[in-house]
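*Asks:* The structure under discussion is supplied below as structure tokens; questions concerning it will follow.
In the numbering used here, the protein residues as written are 400 to 783.
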């Protein structure tokens, strides 16, 4: 969204990063047939118009009949509904490998499977990981039909990737298991939270955990040029006995293993909705002392074994139908501002987004690369 839109107190104040895939496809295979795979006309299409329009793209994608994605957890930003809706609409089978996987795993699946039928077709990655994909020349430029409505700050000029959906780093807490829920990073250091605070993964593999370290740095005197205070915070959290080295998920929350979780607000809000019937009173707060937001991004693998399906998938994600599915999953879709203007946004879903004050700031590519280097080198020592 445009910076001026983000500057006001608003439920639609941004969008974040992201992640992942599903069921492992057993066969390795060699590439798909020339008329359908990497050598087809679809493989070089930079827009639906290059194939003769959306109808032609749909026809080519249906002929391929399959789509490979990676680490798209069904509960992540409503990916379960997104996949089912795509399959139902187009009759294309989605192979979602390792749904609980990481951005790094998805990146590896694109980089190491060139020429294989099971190579990933489209990527959903956090910004740092998507920049790595671009640096490795893994991405095929592609402009969705709504390209012109996406602000310039949310897309690459060369169309290699673009913002998809987003959110803020937040603190989720089981109010039935914790007497007083924390609201800031500083609160997390209190002795009553011993053996209670977890992350959604390892910062060296997970964009959400990586962003949590950056948020902690912002909360402790650091910044995009200095993320060491974030590592120092988690080292202190570990020494106090508050940090739990368990990847937080809906299952670990329900079992009481991770009663406090630092994660994206849309994931925490989704957990709260799903776990109500299980007796979990999951409260979600965006901490004022470490307010950090990010987008996840979408890109097409240039060596996708199903290039037409990959492009149709991206088109679906950025259609009003797809964008509203994100919204129902508590995330802030890239086209939300435009959809609110033209009346296509789901108003009921938008009203459930938490209000956040201030203008979110984003690290530059150089700052993020340096942060990734520092965190890669220091995380193990901080929480060992």
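From the three backbone atoms N, C-alpha and C, an ideal C-beta is built for every residue, glycine too. No experiment lies behind these values; they were computed from the predicted model shown.
Kindly indicate which three-state DSSP category residue 783 falls into: helix, strand or coil?
*Replies:* Residue state, collapsed to three classes: coil.
*Asks:* What ranges does the beta strand (DSSP E) occupy inside the region 668-746, keeping only unbroken runs of at least 3 residues that lie completely in it?
*Replies:* The region 668-746 contains these whole beta strand (DSSP E) runs: 681-684, 692-700.
*Asks:* At which residue ranges does the region 536-577 contain complete alpha helix (DSSP H) runs of 4 or more residues, listed in the order of the chain?
*Replies:* As far as the region 536-577 is concerned, it has no whole alpha helix (DSSP H) run of at least 4 residues.
*Asks:* Going by DSSP, what residue range makes up the alpha helix (DSSP H) through residue 652?
*Replies:* Run containing residue 652: 649-654, per the alpha helix (DSSP H) assignment.
*Asks:* Rounding to the nearest angstrom, what Cα-Cα distance links residue 762 and residue 475 in this structure?
*Replies:* Using only the alpha carbons, I get a separation of about 24 Å.
*Asks:* Would residue 531 pass as a contact of residue 700 if the rule is Cβ separation under 8 Å?
*Replies:* Not closer than 8 Å, so no.
*Asks:* Using a beta-carbon distance below 8 Å, is residue 715 in contact with chain B?
*Replies:* Absent here is chain B; the protein component of the structure consists of one chain.
*Asks:* Helix, strand or coil, according to DSSP, for residue 767 in the structure here?
*Replies:* It is helical.
*Asks:* Could you compute how far the alpha carbon of residue 504 sits from the alpha carbon of residue 521?
*Replies:* Cα to Cα, the separation comes out at about 13 Å.
*Asks:* Quick check: the Cα distance between residue 782 and residue 773, rounded to an integer number of angstroms?
*Replies:* Rounded to the nearest angstrom, the two C-alpha atoms are 14 Å apart.
*Asks:* Tell me whether residue 712 is buried or exposed, calling it buried when 16 or more other Cβ atoms sit within 10 Å of its Cβ.
*Replies:* So residue 712 ends up on the buried side.
*Asks:* Do you know how far the Cα of residue 523 is from the Cα of residue 660?
*Replies:* Spanning the two alpha carbons is a distance of roughly 22 Å.
*Asks:* Quick check: does the Cβ of residue 515 come within less than 7 Å of any heavy atom belonging to the ligand FAD?
*Replies:* Judged by which ligands are present, the structure shown has none, so any question about the ligand FAD falls away.
*Asks:* If you follow the beta strand (DSSP E) that residue 579 is in, where does it begin and where does it stop?
*Replies:* No beta strand (DSSP E) holds residue 579; DSSP gives it neither H nor E.
*Asks:* Tell me whether the beta-carbon of residue 696 lies closer than 8 Å to the beta-carbon of residue 552.
*Replies:* No, Cβ-Cβ distance for residue 696 and residue 552 is not below 8 Å.
*Asks:* Can you give me the Cβ contacts of residue 489 inside the same chain, cut-off strictly under 7 Å, excluding the 5 residues immediately before and after it?
*Replies:* Correct list, in chain order: 457, 460, 461, 711.
*Asks:* Find out if the Cβ-Cβ distance for the pair residue 577, residue 554 is shorter than 8 Å.
*Replies:* Against a cut-off of 8 Å, the Cβ pair of residue 554 and residue 577 comes out as no contact.
*Asks:* How far does the beta strand (DSSP E) with residue 467 in it extend, from its first residue to its last?
*Replies:* Element bounds for residue 467: 465-470.
*Asks:* If you draw a straight line from the alpha carbon of residue 671 to that of residue 681, how long is it in whole angstroms?
*Replies:* Their backbone Cα atoms lie some 5 Å apart in a straight line.
*Asks:* Hey, out of 510, 632, 564, 592, whose CA is closest to residue 572's CA?
*Replies:* The candidate whose alpha carbon is nearest that of residue 572 is 592.
*Asks:* I need the DSSP call for residue 609, collapsed to helix, strand or coil.
*Replies:* In the structure shown, residue 609 sits in a helix (DSSP, three-state: H, G or I).
*Asks:* Are the CB atoms of residue 778 and residue 507 nearer to each other than 8 Å?
*Replies:* No; because the gap between Cβ atoms is not below 8 Å, this pair is not in contact.
*Asks:* Using 10 angstroms around the beta-carbon of residue 754, count the other beta-carbons present and answer buried if the total reaches 16, otherwise exposed.
*Replies:* Classification of residue 754: exposed, given that the 10 Å Cβ count is below 16.
*Asks:* Residues in the same chain with beta-carbon distance under 7 Å from residue 621, minus the five sequence neighbours each way, listed in chain order, please.
*Replies:* Result list for residue 621: 627, 628, 629, in chain order.
*Asks:* Cα separation between residue 704 and residue 545?
*Replies:* Spanning the two alpha carbons is a distance of roughly 25 Å.
*Asks:* Starting from the C-beta of residue 642, find all residues in its chain whose C-beta is less than 7 Å away, skip the five residues before and the five after it, and write them out in chain order.
*Replies:* Taken in chain order, the residues that qualify are 596, 633, 636, 782.
*Asks:* Taking the continuous alpha helix (DSSP H) assigned at residue 482, which residues delimit it?
*Replies:* First-last of the alpha helix (DSSP H) with residue 482: 478-489.
*Asks:* Report the rounded CA-to-CA distance for residue 444 versus residue 541, giving the unit in angstroms.
*Replies:* Distance between the alpha carbons of residue 444 and residue 541: 7 Å.
*Asks:* Grab me the residues of residue 557's own chain with a C-beta within less than 6 Å of its C-beta, minus the 5 sequence neighbours each way, in chain order.
*Replies:* If we look at residue 557 and ignore the five residues flanking it on each side, its Cβ neighbours are 540.
*Asks:* Here's the rule I'm using: 16 or more other beta-carbon atoms within 10 Å means buried, otherwise exposed. How should residue 669 be labelled?
*Replies:* Counting Cβ neighbours within 10 Å, residue 669 comes out buried, since at least 16 surround it.
*Asks:* Under 8 Å, do residue 484 and residue 652 count as touching if we go by C-beta distance?
*Replies:* No, these two residues do not count as a Cβ contact at 8 Å.
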